[in-house]
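Here the structure is laid out as structure tokens; the discussion comes afterwards.
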Amino acid sequence: MKPIYRNKYLYALAILATVTLSCKKDFLAVEPPNQISAELVWQDAALAQGFVTEIYNGLDVGGFDEQMLSSLSDESMFTHPNRGIDLINAGTINPTTLGWVDETYGYNQMYNRIRSCNIVIERLEGGENGIADQNIKDKLLGEAYFLRGYFYQQLLRYYGSVPLITKSYALNDDFQVKRATYEECVTAILADCEKAITLLNGRTMEKGRTTSMAAMALKSRVLLYAASDLHDIPTAKTKSSVIAGFANPEFLGYLSGDRTARWTAAQAAAKAILDAGAGYKLNLTAPVTPEEGRMNYKSIAMGGGSKAPGVDASAASELIFARYFIDRSDMRYGRANGPNGYHNWAGNTPIGLLVDDYEMQDGTPFSWSNAAQKASPYVNRDPRFYATILYDGANWKPRNLVSGNVDPANQIQTGEYDLQEGSSVITFKGLDTRGSSIENWNGSWTGYYTHKFIDPDPNIIEASNPQFVPWPFFRYTEAVFNYVEASIELGQESEARLWLNRIRFRSGMPAITATGDALKEAYRHERRIEMVYEEQRYHDARRWMIAPQTLGRKTTYIKVTGKFKPGKTLSSPYRYDPEIYNYTYTPTTETAQENRKWEDKIYFRPFSRDEINRNNQLIQNPGY
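Numbers 148 to 771, taken from my numbering, label the letters of the sequence shown in order.
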């Protein structure tokens with residue numbers, strides 16, 4: 148573990164910058180004007196609150212990084228190479244070459260935040276402090292327990308078990324600490340959740356701060372993972388020779404015990420959330436219309452942060468715990484991921500493997516082998532498709548006028564099309580391609596762009612304006628899925644279908660009637676589609692141990708061409724028009740940009756060589 152040094156002073160938060168300290172006659176003994184003594188923090192409720200507020204920075208911007216976890220799964224591909232994502236997807240990372248490590252799960256970053264949580268707990272739970280109001284202390288303690296549990300959960304689901312540190316270390320402490328077992332880590336996180344639930348119960352918290360319900364959601368997730376295949380070692384050994392050959396499997400899961408009891412605990416934790424809340428439109432008994440389903444899903448993704456026409460702000464009720472950007476004028480998720488033809492960067496573009504998994508509106512699978520579907524692949528799909536994927540011909544925003552009036556139709560252009568130029572027919576490369584006249588270096592490789600989480604408000608031009616859509620760490624529907632999964636594993640299929648279909652009805656999709664293994668597959672498919680781009684698939688494919696069959700697949704793209712129909716023609720500017728063009732869609736497997744390959748060692752991230760050198764008690768994960 149990286150040593151964390153105790154400083155005499157803590158940097159003040161911006162919100163506390165106006166605090167002034169009394170002057171002393173000896174000008175050589177004054178406190179630094181931009182710092183606050185660590186001891187003073189715990190004598191003042193506002194300063195203590197500021198200390199806890201700063202810990203939330205460990206959440207960073209949630210999943211809205213320029214590089215997203217979706218591009219480490221079969222959801223998307225990162226457009227710009229040599230950033231470390233390609234190394235992970237090729238299975239070549241090792242203790243000296245870690246690939247991309249985000250601030251939200253980095254080993255050192257998590258322990259720095261855990262240390263801050265430990266300080267809060269030490270000072271407010273029996274330690275020396277001058278805060279007389281027990282109500283304030285309980286609130287701050289509840290937040291600290293939740294955040295510590297959350298950060299440990301991040302470490303556990305990326306690395307397996309880790310050293311459990313429950314005190315703030317000083318310079319002369321021994322930093323050689325063994326890994327706890329997986330079971331011990333789960334137990335510790337659940338204990339933090341229970342304390343947070345009790346301390347925060349009934350409290351009205353400020354927007355963006357944790358609540359009792361958030362701690363319940365964290366508990367639900369941890370218990371669901373604990374019951375899953377990857378963390379039941381007898382099961383995991385049958386599916387992975389790497390895990391079977393690991394000398395310390397207790398770091399990865401449960402060696403024995405009653406797995407039914409673990410599923411029962413996971414079901415009960417999820418049901419507690421279902422009983423305590425309502426989510427968003429999850430009381431339906433029949434599917435809504437496709438258009439309403441599309442807007443329901445778009446409204447959920449906006450989380451109350453959009454002023455676009457038709458978006459329902461009340462969908463914010465779906466959020467249990469989220470990262471808000473009220474004061475972040477630089478949150479430009481749309482710029483990072485939008486089409487290059489709009490002067491954006493096309494960061495994490497959906498791959499064909501995801502797009503092809505969206506069912507038809509009637510609930511049947513989409514197939515390129517179906518001639519009618521191949522001819523019009525973006526017609527009559529799951530309504531959530533239209534709120535998630537920007538595809539060739541999709542209606543989108545007015546283009547930035549910096550480019551001129553190049554697209555009056557305001558449509559996505561990811562293909563190559565005939566255009567009449569004088570007496571000749573030329574091939575025009577769409578504005579949102581890598582052959583575009585607008586920032587072609589930022590064009591999508593896959594032929595698609597993400598729609599989800601990009602504010603559709605036409606007044607927000609991604610390249611120049613921030614958006615204020617929140618990142619959902621936990622939303623109510625995740626708890627519903629957790630309940631459904633546990634219910635399936637416990638054989639309670641009618642209960643599972645009831646809640647699974649409530650999610651589908653909200654999106655405008657028909658009911659699922661499957662049983663047995665087919666029901667399990669239908670559930671997994673539904674979770675993949677509903678929770679896309681929400682940092683679920685990376686972990687789900689691992690804990691279900693389906694990663695070799697899913698994450699290890701080669702990426703697929705779409706190539707679109709538009710040729711004039713006999714007797715038809717069109718001059719610039721191009722527009723999507725099936726009355727003028729015959730469009731062909733060719734799915735293509737491509738390895739030039741990324742050659743993905745699954746290796747079982749990637750079930751868990753490696754500990755860095757530097758970390759192993761600092762803590763010789765830290766046993767490396769299998770395969771590294």
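C-beta: ideal position from N, C-alpha, C; glycine also.
Below 8 Å, how does it come out for the stretch 654-667 and the stretch 516-534: are there three or more Cβ pairs, yes or no? Cβ pair count under 8 Å is three or more, so yes.
Does DSSP classify F754 as helix, strand or coil? For the purposes of this step, residue 754 is taken as the residue at position 607 of the sequence shown. Coil.
Does the stretch 292-301 come into contact with the stretch 337-348, if we say contact requires no fewer than three beta-carbon pairs (one atom in each stretch) closer than 8 Å? In short, these stretches touch, since the Cβ pair count reaches three.
Compare the Cα-Cα distances from T382 to each of S315, R690, I608 and report the closest residue. For the purposes of this step, residue 382 is taken as the residue at position 235 of the sequence shown. Out of S315, R690, I608, R690 has the C-alpha closest to the C-alpha of T382.
Same chain, Cβ closer than 7 Å to K418, five either side skipped, listed in chain order: Taking the first residue of the sequence shown as 1, we reach residue 418 at position 271. Its chain contains Y630 as the residues whose beta carbon lies nearer than 7 Å to that of K418, once the 5 sequence neighbours on both sides are disregarded; these appear in chain order.
Alpha carbon to alpha carbon, how far is R326 from F621? The sequence position of residue 326 within the sequence shown is 179, counting from 1. The sequence position of residue 621 within the sequence shown is 474, counting from 1. Between R326 and F621, the C-alpha separation is close to 28 Å.
What is the residue span of the beta strand (DSSP E) that N729 lies within? Here residue 729 is taken as the residue at index 582 of the sequence shown, counted from 1. Counting along the chain, the beta strand (DSSP E) containing N729 begins and ends at 728-736.
For W410, does the three-state DSSP call read helix, strand or coil? For this step, residue 410 is matched to residue 263 along the sequence shown. In the structure shown, W410 adopts helical secondary structure according to DSSP, grouped into three states.
What does the alpha-carbon distance come out to for the pair S220 and Y730? The sequence position of residue 220 within the sequence shown is 73, counting from 1. The sequence position of residue 730 within the sequence shown is 583, counting from 1. Each residue's alpha carbon lies about 30 Å from the other.
Let me confirm a value: A195 is counted as buried when at least 16 other C-beta atoms fall within 10 Å, else exposed. Which label applies? Along the sequence shown, read from residue 1 onward, the residue named residue 195 stands at position 48. A195 should be labelled buried.
Which first and last residues belong to the alpha helix (DSSP H) in which A425 is found? If you number the sequence shown from 1, residue 425 lands on position 278. DSSP places A425 outside any alpha helix (DSSP H), giving it a letter other than H or E.
Outcome for N265 when other beta-carbon atoms lying within 10 angstroms are tallied against a minimum of 16: On the sequence shown, residue 265 is found 118 positions in, with the first residue counted as 1. Buried.
Short of 7 Å in beta carbon distance, which residues of its chain neighbour P396, apart from the five on each side in sequence? Order them along the chain. Here residue 396 corresponds to residue number 249 of the sequence shown, with the count starting at 1. Within the same chain, and ignoring the five residues on either side of P396 in sequence, the residues whose Cβ sits closer than 7 Å to its Cβ are I380, I390, L402.
Using the Cα positions of R230 and Y252, report the straight-line distance between them to the nearest angstrom. Counting from one through the sequence shown, the residue named residue 230 turns up at place 83. Counting from one through the sequence shown, the residue named residue 252 turns up at place 105. If I take the Cα positions, the gap works out to 17 Å.
Less than 8 Å between the CB atoms is what I'm expecting for P734 and W515, so what's the real figure, rounded? As a first step, residue 734 is located in the sequence shown; it is residue number 587 there, counting from the start. As a first step, residue 515 is located in the sequence shown; it is residue number 368 there, counting from the start. At roughly 6 Å, the Cβ-Cβ gap stays under 8 Å, so P734 and W515 are in contact.
Look up Y329 in the DSSP assignment and say whether it is helix, strand or coil. As a first step, residue 329 is located in the sequence shown; it is residue number 182 there, counting from the start. Of the three classes helix, strand and coil, the one that applies to Y329 here is helix, per DSSP.
Nearest to S583 by CA position, among P434, Y750, N487, is which residue? By 1-based counting over the sequence shown, the position of residue 583 is 436. Ranking P434, Y750, N487 by Cα distance to S583 puts N487 first.
Please list, in chain order, all residues of the same chain as I283 whose beta carbon is under 7 Å from its beta carbon, the five residues on each side excluded. Locating residue 283 in the sequence shown gives position 136, where the first residue counts as 1. The residues are A192.
If you reduce the DSSP assignment to three classes, tell me which class R581 lands in. Taking the first residue of the sequence shown as 1, we reach residue 581 at position 434. Coil.
Of all the alpha helix (DSSP H) runs that stay within the bounds of the stretch 257-308, which reach a length of 4 or more residues? The stretch 257-308 contains, as complete alpha helix (DSSP H) runs of 4+ residues, the segments 281-306 (chain order).
If I measure Cβ to Cβ from L466 and keep anything under 6 Å in the same chain, skipping five residues before and after, which residues do I get? In the sequence shown, counting from the first residue as 1, residue 466 sits at position 319. If the five residues before and after L466 are omitted, its C-beta is found closer than 6 Å to the C-beta atoms of G450, P619, R622, all from its own chain and listed in chain order.
Can you tell me the Cα-Cα spacing of V478 and S755, whole angstroms? Taking the sequence shown and counting its residues from 1, the one referred to as residue 478 is at position 331. Taking the sequence shown and counting its residues from 1, the one referred to as residue 755 is at position 608. Going by the sequence as given, residue 478 is Met instead of Val. Approximately 31 Å, taken between the alpha carbons.
Where do the N-terminal and C-terminal ends of the beta strand (DSSP E) with S223 fall, by residue? In the sequence shown, the residue the question calls residue 223 occupies position 76. Unbroken beta strand (DSSP E) run through S223: 223-225.
Within the chosen definition, does the stretch 699-708 reach the stretch 674-684 through at least 3 CB pairs nearer than 8 Å? In short, these stretches do not touch, since the Cβ pair count stays below three.
Excluding the five sequence neighbours on either side, which residues of its own chain have a C-beta within less than 7 Å of the C-beta of Q558, listed in chain order? Locating residue 558 in the sequence shown gives position 411, where the first residue counts as 1. Non-local beta-carbon contacts of Q558 in its own chain, meaning distances under 7 Å to residues more than five positions away in sequence, involve G540, A541, N542, W543, R722, Y723 in chain order.
Just mark T535 as buried or exposed, buried being the case when its beta carbon has 16 or more other beta carbons within 10 Å. Here residue 535 is taken as the residue at index 388 of the sequence shown, counted from 1. Classification of T535: buried, given that the 10 Å Cβ count is 16 or more.
Range of the contiguous alpha helix (DSSP H) that encloses I650: Taking the sequence shown and counting its residues from 1, the one referred to as residue 650 is at position 503. 640-654 is the span of the alpha helix (DSSP H), which, as asked, contains I650.
Per the DSSP calculation, G770 is bridged to which residue(s)? Working through the sequence shown from its first residue, we reach residue 770 at position 623. According to DSSP, G770 bridges with nothing at all.
Run through DSSP, which three-state label would D321 get? By 1-based counting over the sequence shown, the position of residue 321 is 174. Of the three classes helix, strand and coil, the one that applies to D321 here is coil, per DSSP.
Does DSSP classify F622 as helix, strand or coil? Translated into positions along the sequence shown, residue 622 becomes position 475. Looking at the sequence itself, residue 622 is Arg, so the reference to Phe does not match. Reduced to three states, the DSSP call for R622 is strand.
Given S217, which residues of its chain have a CB within under 6 Å of its CB, disregarding the five upstream and five downstream residues? Within the sequence shown, numbered from 1, the residue matching residue 217 stands at position 70. Contacts found: S223, N495, Y680.
Which residues in the same chain as T328 place their Cβ atom closer than 8 Å to its Cβ, once the five residues preceding and following it in sequence are excluded? For the purposes of this step, residue 328 is taken as the residue at position 181 of the sequence shown. Taking T328 as the centre and dropping the five residues before and after it, the same chain places the C-beta of S308, E397, F398 closer than 8 Å to its C-beta, in chain order.
DSSP three-state label for M692, please. In the sequence shown, the residue the question calls residue 692 occupies position 545. Residue state, collapsed to three classes: coil.
Under the three-state reduction of DSSP, which class applies to V199: helix, strand or coil? As a first step, residue 199 is located in the sequence shown; it is residue number 52 there, counting from the start. Of the three classes helix, strand and coil, the one that applies to V199 here is helix, per DSSP.
Return yes when the Cβ of E609 is within less than 9 Å of the Cβ of R134, no when it is not. Because residue 134 is not part of the residues shown, which for the chain are 148 to 771, the question remains open.
How many whole angstroms separate the CB atoms of L645 and I659, which I take to be in contact at a CB cut-off of 8 Å? Within the sequence shown, numbered from 1, the residue matching residue 645 stands at position 498. Within the sequence shown, numbered from 1, the residue matching residue 659 stands at position 512. By a beta-carbon distance limit of 8 Å, L645 does not contact I659. Their separation comes to about 10 Å.
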